[in-house]
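>
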């Protein structure tokens, strides 16, 4: 029993930067060296995407385009992961891109998907507001018709 436990512990990856065992998403994210220029660029990209989401809140067509671009980027994440895994030494100090895509999912896809969820929430809110306005107009017209019929 203790041998199998020792094998399980030894199979947990050790971070090359801080020599910690990676046991959760949090320890995985803490093991990333966030001061690398390409990671700072990626964080800036996510900040720009979020600000575009907020700025295009009133412009429906621009927001649709922004939404579709983000969904396509998430769809291409697997290909980006393969490309980055082959060329990681040209832009990074460490090989973050594993075959299962955990790193690219955590730092690339999840923020984009959260951004798309924000856009969908904005669309749902806008739809409910429009439906409420339409129902109010319908009721107002119905009341006018009823008052006209009573006065005739």
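Residue numbers (our numbering): 134 to 285.
Heads up, the beta-carbon is just placed ideally off N, CA and C, and yes, glycines get one too.
Identify, in the order they occur along the chain, each residue of the same chain with its Cβ nearer than 6 angstroms to the Cβ of residue 174, setting aside the five sequence neighbours on each side.
By one-based count along the chain shown, residue 174 stands at place 41. Excluding residues within five positions, none has a Cβ falling inside 6 angstroms.
> Helix, strand or coil: how does DSSP classify residue 253 here?
Residue 253 sits at position 120 when you count from the first residue of the chain shown. Reduced to three states, the DSSP call for residue 253 is helix.
> So, helix, strand or coil for residue 226, using DSSP?
Taking the first residue of the chain shown as position 1, residue 226 is located at position 93. Coil at residue 226, not helix or strand.
> Indicate whether residue 248 and residue 182 have their beta-carbon atoms separated by less than 7 angstroms.
By one-based count along the chain shown, residue 248 stands at place 115. By one-based count along the chain shown, residue 182 stands at place 49. Result yes, Cβ atoms of residue 248 and residue 182 sit closer than 7 angstroms.
> Any chance the region 222-241 sits against the region 164-180, with 3 or more Cβ pairs inside 8 angstroms?
Yes, the region 222-241 touches the region 164-180.
> Under the assumption that residue 204 contacts residue 242 (Cβ atoms under 8 angstroms), give the Cβ distance between them as a whole number of angstroms.
One-based indexing of the chain shown puts residue 204 at position 71. One-based indexing of the chain shown puts residue 242 at position 109. Rounded, the Cβ-Cβ distance is 10 angstroms, inconsistent with contact.
> What is the DSSP secondary structure of residue 234, counted as helix, strand or coil?
Taking the first residue of the chain shown as 1, we reach residue 234 at position 101. Three-state DSSP puts residue 234 in coil, outside helix and strand.
> For residue 185, which residues from the same chain have a beta carbon less than 7 angstroms from its beta carbon, with the 5 sequence-adjacent residues on both sides left out?
Position 52 of the chain shown holds residue 185. Excluding residues within five positions, the ones whose Cβ falls inside 7 angstroms are 199.
> Where does residue 252 land, buried or exposed, given buried means 16+ other C-beta within 10 angstroms?
Numbered from its first residue, the chain shown carries residue 252 at position 119. So residue 252 ends up on the buried side.
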